Structures are given as C-alpha cells and as structure tokens.
C-alpha cells in the first residue's frame, strides 16, 4: 500500500512539468501539440491555441497538484502508521527482553542508560522508520521517473546538469560516517546525564541531608555542558555539509541555463522542453537536500539501533531450557541443597558444600554475620541467582527443570529494603495477583499487622504511595511487602530480614498470625534477632559460606557456639537498653 502511494504521488508530480511544456510550446507556436498516447484522451486540446485551451491546461496543472497533495497525505498516513506499529513492537520487545534478563545483569548497568535507550534511542529509530524510509523511497522513485523524461528531452543536457551529483554522493557518504560517530557520542552523553538525574531524584533525601544541592548542581552542569558540546560537534559537521547540498545543484542549474539556452536558440529543443527540464532539475534539488537529512536521520537511527541491539543481544542466563518439565503444574515446598557450591562471576566462592533439607511446611531460620552468604543462599531458591545443576531441588526435582514462571509464582519474597511502586496502597498489596476483593486484602493486611494503620489513613487502601513508597514509614513498607507476599498464597515464603524496621512486639504479633494462616507453607527466614528465629523448627548458622551449626534454639544454646554467642550479646544489649 505504501509503495503504491509513493509511486502514484511521484507519477503525478513528474506529469506537471510536462503540462507546462505543452502550455509554453503552445504559447510560443500558437499551436498545441500532444504526444500520440495522449491524443485519445486530450485530443480536443490539439490545434490552434485558445484561451479555453490555456485555461484547461492550467486547470490540469492545478488538478495534478491537488491529486499529488492528496496522495502525499495518504502516503504519509500509511507510512507513519506503519512506523508507529513497528516502534510499538520494538519498544515492547525491548521491554520484554529487559524483563527476561537476570537480576545480576542490572548490577553492571545504569538505570539512566537503559531509560535513554528506551526513549531517546527509540525515537531516533522511529524517525528512520517513518520520515527516513518515506523520504528515501520518495527520492529514489522521483529520480528514476524524472531521469527517464530528462534523458528523453536531451541526453547531453541531462549529463551536464547532473554532473555535480556524483560529488554529492561522496559528500553524503562522508557525512553519514561522521553523523554516526557523533550521534553515538551524543546518546552516550545523554545516558550519562539521564543517569545523574535519575540517581539524584532517587537519592534526593540523602542529598538534602548532607546539604549537597550546590555540589549536585555543579556536577550536573558538567554533564550538561558536555552533552551540549557533543551536539555542537555534530551541528558543526552538518552545517558544513548542508550548504554544499544547495551549492552543487546550483552549478547544474547554471549549466542548464548555458547549454539549455544554446539548445533553444539552435532549435534543438523547444522552449517548453527547456521550461519542463528546468522544472525537473529544480525538483532534483529538494530530494538532494532531503538526502542530506535522510543520511543524518539514518545514521542517527543506525547508531541508536546499535545501542538497542547491544541490549537485545544479551542472552538471559536464567530461563526455561530443554530439560524443563512442562508437566509440573504446582510445587509443594520441600527444599533441598545438595553439595551446593556457588561463586559470583570472577569472584571468590560464596557458598561452600551446603547440604540442607527443608521439609514441606517447616520453618527454617538462617543466621550469621554480614557477608556469610545468607541472602545469596535464599536467592538460589526463586532462581534470582542460579547454581549449577544438581545442587538445588524443590520437591525432589532439580530446580532448573521446574518452569521458571511456575516456580516464582509459588514463592513469596520479602526483602529488608522492599520496593513499593508509586501507586495505590491497594495495588501494591495485590501486585502479585492482579486483583482481590476487600475482604482478602484486609485479611492479609491484618496478618501483616497493617490493617489498623490503613484504617487510620484518610484514603485507606486508596492511599497513593510516593516514589518507592516514601510517603509511609520503613516499618509500614516492610509490612506492605509482607502483605503482598502473603496475598499470592505462596508454598514457600522467604523473609530476608523482613522485620528489621518493626519493633519486637509487632514482630511477635506478625509471626504468630503467620503461623496461624500459613499452614503447609515452607518458611525460610533470615534475621539478626534471636527473638525472630528462636521458634523455628531448624536454625542454621552460616560462617564464611559454610554451615557451621544447625539445630533448634535450645540445642544451639546448649552447644555454646556461635549462635549462643550471638544470643548472649543480644541479651546484654537488651539489659543495657533497659538501664
């Protein structure tokens, strides 16, 4: 459809100078002469020139311009719509790919850079898909049609008039190379500046706490100045080339006036031929200037597409594979680590020879000093991190054989620093299920000891949380995240220091309520508080990535090891705080 519009539009455009030829030849000789193919349609125009015939030719030119405009409108509509659809699909593919990448990938990339690729780079690609493709198709078809007619008028005149155009082709190629290089630098500068803004807004409370607003402004000015300078470098290149795109075709017009005038005087071409040839040559100038714009647009798009491609080429490390068992439709919650060893890429081993079996429905607590590998261990359960095959099992099945979507949909995770969305409190609680009724929401809020505070909010569940939930306290954020995890009715519940921001009384209340409603759910919890873990069925002590102690609270106290030492320190701290 788009090709039809481009072809039809340019066909109508190249007809107009022909109509001018017949009109001027008629005025010069007082006789209108038409080509044989057109006599059957416009035979009445032939013969002695009259006011009516001139008016009819003028009306034909006006009509051709009108039809050309309508076709141009249709062409733009079709191409722009197609470009928007392709942009929509590419943007969706890009975002979908980001969702498939493992959490570890985001440790090495900047959020601002990804945002720049998803917005600014996508816009550059859209410009290519819409205006770039439209203009280049327009120009190529016009060149082909007009060139045939110009050669038919006078071969020698055509070759002379178009002599500067090979030089233009060389200039366009050189422009393309430079624009690609400069646009890549511009997008990188934009990503750096974008990252600075994103980090500043995310950490605005820290900035204000340390009164570093002036320092932040100065640093942003440096990034902004660098970004402007990179744009100036590109502008300097384009402003040098674009005047040449006007000057060189002007040489062709000068050659036309010289040789074309001689041809008219020598009666080798008619005055109408000269006028129509001039019109075609003038029409050539616009596409040549457009070619400069096209090259600029295409190279910007190519540079942006390369930046997008680098992300799309990153293969998801954690995904379903050939061994994935699609016959598994649920999990029950038994967890087992067999001779587990784990290290981060290019890093020292974090976990060493871990052997641990967690029965379905039991509660296991993991304690240890900072850096002992507690969080790394629990991240292997929902495959946020991935161990080698044969080391982690759910219900006796290798975790890599369980469909990833199914696995994660049955695991609730509450982190020490939970992330809440800038959305309604209701939507944050129901995030994992999509929707829930009022009774269900209040039940999980009650379990998380959040219901009373929700009822005190003026808007209740309709309370809008700020960025990252900054409008509520740390304890309220943790309890909201806990309610969100409970809402999905998980078979495995992971609590990673999830009570760090609540007092011990609130913690006891929540744990009691969890035990009442989470029957059959396997719970794995990490905490530095002995009060949190003492009721667990099994307590595991990690030290330097190894299990050094395991047992119940009473057994570990009797063992008088690391756990007992932690217990004594906390008792002493409580006594000091009570003084």
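Numbering (my numbering), first residue to last: 79 to 657. Backbone N, C-alpha and C define an ideal beta-carbon position, used for all residues, glycine too. Keep in mind it's a predicted model, so treat the numbers as computed, not measured.
- The residue from 238, 247, 546 with its alpha-carbon nearest to that of residue 335 is 238.
- Going by DSSP, residue 257 is part of the alpha helix (DSSP H) stretching over 243-280.
- Between the beta-carbon of residue 410 and that of residue 473 there is about 5 Å, and that keeps the pair under the 8 Å contact cut.
- One Cα belongs to residue 537, the other to residue 547, and the distance between them is close to 15 Å.
- If you compare the alpha carbons of 634, 243, 594 with that of residue 619, the shortest gap goes to 634.
- A straight line joining the alpha-carbon of residue 246 with that of residue 222 spans about 17 Å.
- For residue 202, the CB contacts under 7 Å within the same chain, skipping 5 residues up- and downstream, are 378, 379, 382 in chain order.
- Per the coordinates, the alpha-carbon of residue 204 lies some 52 Å from the alpha-carbon of residue 431.
- When beta bridges are read from the DSSP output, residue 443 appears opposite 603, 617.
- Here residue 171 has 390 as same chain residues with Cβ atoms under 8 Å from its own Cβ, once five neighbours each way along the sequence are excluded.
- In this structure, residue 362 sits away from residue 235, with a CB-CB distance that is not shorter than 8 Å.
- Residue 163 and residue 302 have their C-alpha atoms some 33 Å from each other.
- By the neighbour-count criterion, in which 16 or more other beta carbons inside 10 Å mark a residue as buried, residue 542 falls on the exposed side.
- As DSSP reads the structure, residue 427 sits in a beta bridge with 421.
- Rounded to the nearest whole angstrom, the C-alpha separation of residue 161 and residue 266 is 25 Å.
- Here residue 153 is buried: its Cβ has 16 or more other Cβ atoms, across all protein chains shown, within 10 Å.
- Residue 232 sits buried, since 16 or more C-beta atoms from the chains shown fall within 10 Å of its C-beta.
- Put simply, of 556, 654, 565, 281 the residue whose alpha carbon is nearest the alpha carbon of residue 518 is 565.
- If you check the CB distance, residue 526 and residue 560 come in under 8 Å.
- The DSSP-derived three-state label of residue 476 is strand.
- Along the segment 359-385, the beta strand (DSSP E) does not occur as any fully enclosed run of 3 or more residues.
- Here residue 433 carries a strand assignment [DSSP, helix/strand/coil].
- Cβ atoms of residue 572 and residue 490 come within 8 Å of each other, at about 7 Å.
- Between the alpha carbons of residue 279 and residue 287 lies a distance of about 13 Å.
- Residue 412 has its alpha-carbon roughly 24 Å from the corresponding atom of residue 632.
- With contacts defined as CB atoms closer than 8 Å, residue 250 and residue 373 qualify as a contacting pair.
- Assignment of alpha helix (DSSP H) within the segment 198-230, counting only whole runs of 4 or more residues, yields 200-205 in chain order.
- Look at residue 580 here: in three-state DSSP terms it is coil, with no helix or strand label.
- Using a 10 angstroms sphere on the CB of residue 583, the tally of other CB atoms stays under 16, which defines it as exposed.
- DSSP places residue 314 in the uninterrupted alpha helix (DSSP H) bounded by 291-333.
- For residue 321 and residue 159, the gap between their C-alpha atoms comes out near 32 Å.
- With a 10 Å radius around the Cβ and a threshold of 16 neighbouring Cβ atoms, residue 186 comes out exposed.
- Annotation for residue 628: the continuous beta strand (DSSP E) segment containing it runs 624-629.
- In this structure residue 406 touches residue 481 by the C-beta definition: roughly 6 Å separates them, less than 8 Å.
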